[in-house]
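Residue numbers (numbering that gives the first Met the number 0), protein chains in the order written: chain A, 0 to 169; chain B, 0 to 396; chain C, 0 to 116.
We treat Cβ as the ideally placed atom computed from N, Cα and C, and that holds for glycine.
Please read all numbers here as calculations on a predicted model, not as lab measurements.
Heads up: the structure comes next, in structure tokens.
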Amino acid sequence: MTAEQIIFLIVGAVTLLSAVLVVTVRDLVHAALWLVATLFGVAIVYTLLNAGFLAVVQVVVYIGAIAILFIFAVMLTRRQTAADTGAALNKNWWAGALMSVLTFAGLAYLLQSWSGFSKQASAIPSGFDAINELGGALTSPAGYVLPFEVASVLLLAALVGAVYLAFNKK
Amino acid sequence: MNFWNDPLKVAADWLTGIFVGWGMNDIFAHVLVVFLGIFVLIMILMVIDIFLVWIERKVVARFQDRIGPNRLGPYGLIQPFADIIKLMIKEDTTPDGADKVVYNLAPMLSMMSVLILWAVVPLAPVMLGVDLNAGVLFIIAAGSIGTLSIIMAGWSSNNKFSVIGAFRQVAVMISFEVPMLAVMLIPTIFSGSMGMNTIIQSQNIWYVFLSPLAALIFIIAAIAELGRAPFDLAEGESELVSGYNIEYSGMKFGMFYAGELLHAFTFGGFWGILFFGGYRFFGLEQVSPFLAIAIILFKALLGYWIIMWVKYTVMRIRIDQMLAFNWKFLTPVAFVLVMVTALMNAILRDAGSWLYVSGMMLSNVVVAWVSLEVVRAAGKKQRVQVEGVKQAAEAHH
Amino acid sequence: MNEWLYIGLFFLVGLIIPIGAIGIAWILGPKKPNPIKQSTYECGIEPIGEGWVQFKAQYYIFALVFLVFDVETVFLFPWAVRLGQLGFFAVVEGIVFILILIAGLVYTWRKGMLEWV
Chain A
0 MTAEQIIFLI VGAVTLLSAV LVVTVRDLVH AALWLVATLF GVAIVYTLLN AGFLAVVQVV
60 VYIGAIAILF IFAVMLTRRQ TAADTGAALN KNWWAGALMS VLTFAGLAYL LQSWSGFSKQ
120 ASAIPSGFDA INELGGALTS PAGYVLPFEV ASVLLLAALV GAVYLAFNKK
Chain B
0 MNFWNDPLKV AADWLTGIFV GWGMNDIFAH VLVVFLGIFV LIMILMVIDI FLVWIERKVV
60 ARFQDRIGPN RLGPYGLIQP FADIIKLMIK EDTTPDGADK VVYNLAPMLS MMSVLILWAV
120 VPLAPVMLGV DLNAGVLFII AAGSIGTLSI IMAGWSSNNK FSVIGAFRQV AVMISFEVPM
180 LAVMLIPTIF SGSMGMNTII QSQNIWYVFL SPLAALIFII AAIAELGRAP FDLAEGESEL
240 VSGYNIEYSG MKFGMFYAGE LLHAFTFGGF WGILFFGGYR FFGLEQVSPF LAIAIILFKA
300 LLGYWIIMWV KYTVMRIRID QMLAFNWKFL TPVAFVLVMV TALMNAILRD AGSWLYVSGM
360 MLSNVVVAWV SLEVVRAAGK KQRVQVEGVK QAAEAHH
Chain C
0 MNEWLYIGLF FLVGLIIPIG AIGIAWILGP KKPNPIKQST YECGIEPIGE GWVQFKAQYY
60 IFALVFLVFD VETVFLFPWA VRLGQLGFFA VVEGIVFILI LIAGLVYTWR KGMLEWV
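Given below as structure tokens:
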């Protein structure tokens, strides 16, 4: 086993453990903090895959913005609802468990038939600037220029939707 | 390659040789040497940090027409060490309702978020740290960990002041992150890279001359990001006492305090890197790496001095004014500036260097002037609305 | 991968040093806790209730607006890196992208969501 694989196994185990803790701890702020740990673990996995830009973006967007948004949302509620004292599982827990097992099995099945699943990734040539390539792909008409602009419209829609919801609540 | 031309490599080779001589694995020896190098760098930073306390106290004293620390040692230079000893031997109290683990983790994360910033700082042409190709975004990523540590500190103290203080501070930090990210696009456009070293290498003309407005917006956003006056909303003495770190004492408080000072110094350094050529100064950096380090530290100190100058001169503003300033002025201006810069860059790309620089600078001045005129007109309109046409006319005469 | 190993080491050392400093202070400092010392600080008044106070929804709105702009600017970074090698068309693409987002900011502004009330 190489050092990289050992690091991956440790990071993967910690990420999964904190993901489990997100849904099992009772205090909502703790859950949000465990979520941060999970997202950070995913960022480390990205770096192991040589996707440095994606890792940094993961930290900036998920930890810097989404986790903060979660904590703000939790703090907007009252503590009584935050430290929930009711049962952790309701009587439909088996349906949820079944759904997640089926989803996992389905994904595993789909990925297994995909050729990239078993293929070794080719080494990245030296001097390869991933961000530059990404910029080229995002702006070339043959590449992803339409999704790039649509992303902007999507973000606009998200903003308008959020404002609309907040405005109506008032 | 002698010691004076590339001290880092010589020292690393020498140490690796020793470790391999002890029968260590090559890769392990390399990692150990890097670990030791980082350790030494961070220890030097901590020593600088200790002196920053002295600098801060001396400078604030001068701004307020006092002398400042002058009893211990020449010019009070030993004073910060006395402060450290005081912090070391103080009792470390933990409030009753605190969430112990989160409470203790927060000051460590706060300090860490500042220290890791130095991973991407190029100190000299031969000492690059990590030349990350996403270097600019790494600053923001480290900042998000700092934001998180503040919210953790505020929440875990279980104190009303600290929770409110943390919320205000975080609102300030995330709001001003938007114009900061936007103006970071401008050096990226000029240099065609997000790596710190490439940005420095392509600054044959300092970017502050190409885009003075971007440099100004960056330093304003940096001051807000640091939570220093005039944006120190978290620590309103009369309403919130000292903000998110109110329940911290001893070394844990020291971590927040030292972290804040080092953060200000670091952002002074980033200001120097992004807009003032980093370690470059008329070719002096090629003479010796030690000179290059001296140049970048000097630029960082200069940036830090400007941050202090603003802190001790400008009055603090209310949270609504500050958020309005950010969202209604700084953010639109920053994005307009990005658009104008991209456009001018495309138009002037093939023009001569002098035309390029003057065109860029002129476009910056125009953007600044137009935005100030718009604000002035809007302010006038609002005054007219509030006071009535007649009174406004009277005030005008 | 190698450069991220350095970053990882930086994270490690960056954590070890504060832990060391706090640890040394914890060893050296006196430990004489008493209920008054450990009570929550509230300007000398007995604290009532918990530290958890309900917040204005405004904080949430600002965090939402921030999130949208954060994601947008992150999209713009690859564009900015590539810009020097691209033609006029790409510049226009980026400007359209920013303009759509500024439309969102203007909408938020007009709806009065940026007011701190």
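Separation of residue 262 (chain B) from residue 65 (chain C), as counted between CA atoms
22 Å
Is there a C-beta anywhere in chain C that falls below 8 Å from the one on residue 59 (chain A)?
yes
Flag this pair as yes or no: are the beta carbons of residue 169 (chain B) and residue 149 (chain B) separated by less than 8 Å?
yes
Per DSSP, the bridge partner or partners of residue 123 (chain B)
B:126
Tell me the start and end of each unbroken alpha helix (DSSP H) in the stretch 120-202 of chain B that is at least 4 residues and wholly inside, in chain order.
134-155, 159-190 and 195-200
Whose CA, out of B:215, B:99 and B:355, lies closest to the CA of residue 449 (chain B)?
Outside the displayed range of chain B (0 to 396) lies residue 449 (chain B), so it cannot be described from this structure.
Let me make sure I understand the geometry here. Which of A:42, A:21 and A:48 has the alpha-carbon closest to that of residue 122 (chain A)?
A:48
Do the stretch 175-195 of chain B and the stretch 315-334 of chain B make contact, defined as three or more Cβ pairs closer than 8 Å?
yes
Under a Cβ-count criterion, where at least 16 other Cβ atoms within 10 Å of its own Cβ denotes burial, should residue 344 (chain B) be classed as buried or exposed?
buried
Just to confirm, does residue 25 (chain C) get its C-beta within under 7 Å of one of the non-hydrogen atoms of the ligand FAD?
Only the bare structure without any ligand can be found here, which leaves the ligand FAD out of the picture.
Name the chain A residues whose beta carbon is nearer than 8 Å to that of residue 173 (chain B)?
63, 64 and 67
Residue 68 (chain B) - DSSP class collapsed to helix/strand/coil
coil
From this set, B:245, B:224, B:182 and B:211, which residue's C-alpha is nearest residue 364 (chain B)'s C-alpha?
B:211
Any beta-carbon of chain C closer than 8 Å to the one on residue 22 (chain A)?
no
Should the stretch 378-385 of chain B be called in touch with the stretch 76-90 of chain B, which here means at least 3 C-beta pairs below 8 Å?
no
For my contact list, residue 31 (chain C) and residue 90 (chain B) are in at a C-beta cut-off of 8 Å; report their separation, rounded to the angstrom.
7 Å
Check whether the stretch 96-114 of chain B touches the stretch 124-139 of chain B, counting contact only when three or more Cβ pairs, one atom from each stretch, lie closer than 8 Å.
no
Could you tell me whether the Cβ atoms of residue 375 (chain B) and residue 306 (chain B) are closer together than 8 Å?
no
Using the rule of at least 16 other Cβ atoms within 10 Å of the residue's Cβ for burial, across every protein chain shown, is residue 162 (chain A) buried or exposed?
buried
State the Cα-Cα distance for the pair residue 151 (chain A) and residue 71 (chain C), rounded to the nearest angstrom.
7 Å
Contact between the stretch 69-84 of chain C and the stretch 13-31 of chain C (3+ Cβ pairs under 8 Å):
no
Pick from B:26, B:4, B:16 and B:258: whose alpha carbon is nearest that of residue 145 (chain B)?
B:258
Would you decide whether residue 326 (chain B) is buried or exposed? Buried here means 16 or more other CB atoms lie within 10 Å of its CB.
buried
Using the Cα positions of residue 355 (chain B) and residue 203 (chain B), report the straight-line distance between them to the nearest angstrom.
13 Å
Quick one: is residue 4 (chain A) buried, meaning 16 or more other Cβ sit within 10 Å of its Cβ, or exposed?
exposed
With a 10 Å radius around its C-beta and 16 neighbouring C-beta atoms as the bar for buried, classify residue 118 (chain A) as buried or exposed.
exposed
Nearest CA to the CA of residue 38 (chain C): which residue from B:51, B:315, B:285 and B:157?
B:157
Would residue 230 (chain B) and residue 321 (chain B) qualify as a contact pair, given that the criterion is a beta-carbon distance under 8 Å?
yes
Taking three-plus beta-carbon pairs below 8 Å as touching, is the stretch 34-44 of chain B in contact with the stretch 55-64 of chain B?
no
Within the 8 Å Cβ cut-off, does residue 352 (chain B) reach chain C?
no
Whole angstroms are fine: how far does the CA of residue 106 (chain B) sit from the CA of residue 154 (chain B)?
13 Å
Can you give me the C-alpha to C-alpha distance between residue 22 (chain B) and residue 10 (chain B), rounded to a whole angstrom?
19 Å
So, does the CB of residue 80 (chain C) fall closer than 8 Å to a CB anywhere in chain A?
yes
Along the alpha helix (DSSP H) that carries residue 325 (chain B), what are the first and last residues, could you check?
Careful: residue 325 (chain B) lies outside any alpha helix (DSSP H) and carries neither H nor E.
Report yes if the C-beta distance between residue 39 (chain A) and residue 58 (chain A) is below 8 Å; otherwise report no.
yes
Can you tell me whether residue 241 (chain B) is helix, strand or coil according to DSSP?
coil
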